[in-house]
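Please read the structure below before turning to the comments.
Protein chains: 2
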Amino acid sequence: MNVDDRKATATVNQHLAASGLRRTPQRQQVYKALVAHPDHPTAEQLFLRIKQTTPKISLATVYNCLDALIACGLVRQVAVDRGAARFCANMDEHFHFHCESCNSITDMPLKGAALARKLGLPRGFQARRLDMTVHGTCRTCSARVRA
Amino acid sequence: MNVDDRKATATVNQHLAASGLRRTPQRQQVYKALVAHPDHPTAEQLFLRIKQTTPKISLATVYNCLDALIACGLVRQVAVDRGAARFCANMDEHFHFHCESCNSITDMPLKGAALARKLGLPRGFQARRLDMTVHGTCRTCSARVRA
DNA sequence: CTAGGTGCAAAAGGTTTGCGGTTAA
DNA sequence: TTAACCGCAAACCTTTTGCACCTAG
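Line order of the protein sequences matches chains X and G.
Note that this note's numbering numbers the first sequence so that position 81 is 81, with each residue one more than the last.
Note that this note's numbering numbers the second sequence so that position 43 is 1043, with each residue one more than the last.
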C-alpha cells in the first residue's frame, strides 16, 4: 500500500467514523478507486475496476458504498442529462465541464462561482450545494474536429 | 384555444420548422403542457397531464417530442442526482434551485452566472451550455421546518 | 407519395431492494 | 453479541427500441 492509498484510507476512516458509519474494506476500496482515477466514472465503471483486485465485490455494494461516501461528505455525484450518475471525489469547490462529444467530465477551478452562490437567492431559500456544469466541447475534441 | 396557447403553438411551429422538424399536434401539446405548468415535471408527469385531454398519447411519444423540442432549442432538461430527468421550457438564462426536501425545482434569475460562463475556461474548451443547480431547502420547506 | 412521426409493447439500461450470511465495533 | 454491512438475485423505474400504422409536407 503506497502513500496515496494510506492517505485515502485514513481519510475514509476518519469521515466514516465522524458520520457514525462503519469503516469497511469495500468503502475504502471504492474511495481509493475514485481517487486513483478522477475521471468521474459511473458506478458500473467503478465496479469493474474494483473487481479486478476484489473479484467478490458486487455492484449493489458499490452503490451502497458510494451513498455512504456521499453521506459522510467525501463524494458527490454528477448528473448529466439522462445518463448514468457519475461520481467525483474532489470536494474542493469547482464546477464540471461536460464534453458532449466524448462524454468526459473535467473538473474546473472555481473562480467566482462562490460568488454565484450568494447571487440573489431570495430570502427563505437555503443553499447547501451548488452544481454547476458547463456543457460543450473539451480541448481534445475541439482539436480533433479542427484537424 | 386562448392567447397563451396560440402563442405557444406559434413558437413551437416556428422553432420546429427552423430545425427541419415536422410540426405535429403531439409536439405542440407537450410544449404547451410544459409552458402551462412550469414546475419542471418529469416525462411521466407530463404524459399523465397530457393524457387527460389526449388519451391516446404514449409515453414514448412524450420522450420523442421532448427530444425534438430540445433539438430545436425550446426545452432543456434538468438532471438531479439519480432521479428521473426533468424538463424546463424557460430558455432565459437562469439557474435552478433544487429543494432537497420537497424535490421542487425553482427557476432563479441569473445575476452573474453569465459571468461564471466566462470564468477561466482553459483555451480549447468551448462552452455551449451551462447547467447550474443550487441544492438546498426552498422557502416553503424552510418555513415548514421552522414552524 | 413518402420520410418522418406516432402508439404500443417489449427490451434495455440503471438503481434499489430483500434476504441469508458476514463482520466491525 | 449484534446492528450494520455485504453479495447475490430479483424487482423496479426510467428510457429506448422495433415495428406496423399514420400523416405532414
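Beta carbons are placed, not taken as given, at the ideal position from N, Cα and C, and that holds for glycine.
With distances taken from CA atoms, which of Arg1082(G), Cys1138(G), Arg1123(G) is nearest Gln126(X)?
Cys1138(G)
Mind checking if Ala17(X) is an interface residue toward chain G, Cβ cutoff 9 Å exclusive?
Chain G contact via Cβ: absent.
Can you tell me whether DSSP reads Arg1086(G) as helix, strand or coil?
strand
If we call anything under 9 Å between Cβ atoms a contact, is Val35(X) one with Ile50(X)?
no
Are the C-beta of Cys138(X) and some C-beta of chain G separated by less than 9 Å?
Output row for Cys138(X): interface = yes.
What residues in its chain sit with their C-beta under 6 Å from that of Cys102(X), if we drop five residues either side in the sequence?
Cys141
Which one of Arg1023(G), Gly1083(G), His1040(G) has the shortest CA to CA distance from Met1108(G)?
The shortest C-alpha separation from Met1108(G) is found at His1040(G).
Go through its chain and collect everything with a Cβ distance to Ala1079(G)'s Cβ below 7 Å, but skip five positions before and after it.
Ala1085
If distances are taken between C-alpha atoms only, which option among Ala18(X), Ser19(X), Pro25(X) comes closest to Thr9(X)?
Pro25(X)
At a CB distance below 7 Å, what residues from the segment 1022-1048 of chain G approach chain X? Give them in sequence order.
Under the 7 Å Cβ criterion, the segment 1022-1048 of chain G contributes no residue.
Looking only at its chain, what residues have a beta carbon closer than 7 Å to the beta carbon of Leu149(X), apart from the 5 residues adjacent to it on each side?
The question about residue 149(X) has no answer, for chain X in this structure spans 1 to 147.
Residues near Ile70(X) in its chain [Cβ-Cβ closer than 8 Å; skip 5 each side]
Taken in chain order, the residues that qualify are Arg76, Gln77.
Extent of the continuous beta strand (DSSP E) run through Val78(X):
Run containing Val78(X): 76-78, per the beta strand (DSSP E) assignment.
At a CB distance below 7 Å, what residues from the segment 1074-1087 of chain G approach chain X? Give them in sequence order.
Gln1077, Ala1079, Val1080, Asp1081, Arg1082, Ala1085
What's the gap between the Cα of Gly1124(G) and the Cα of Cys99(X)?
12 Å
What did DSSP end up calling Asp81(X) once you bin it into helix, strand or coil?
Asp81(X) falls in the coil class under three-state DSSP.
Using a threshold of 9 Å, state whether the C-beta atoms of Arg1006(G) and Ala1068(G) are closer than that.
Going by C-beta atoms, Arg1006(G) is not nearer than 9 Å to Ala1068(G).
Who are the neighbours of Ala1143(G) on chain X, taking C-beta pairs under 8 Å?
Gly124
Once DSSP output is grouped into helix, strand and coil, what is the label at Pro1038(G)?
The DSSP-derived three-state label of Pro1038(G) is coil.
Backbone CA spacing between Ser1058(G) and Phe1047(G) [nearest angstrom]
It is roughly 7 Å from the alpha-carbon of Ser1058(G) to the alpha-carbon of Phe1047(G).
Can you give me the C-alpha to C-alpha distance between Asn13(X) and Arg23(X), rounded to a whole angstrom?
6 Å
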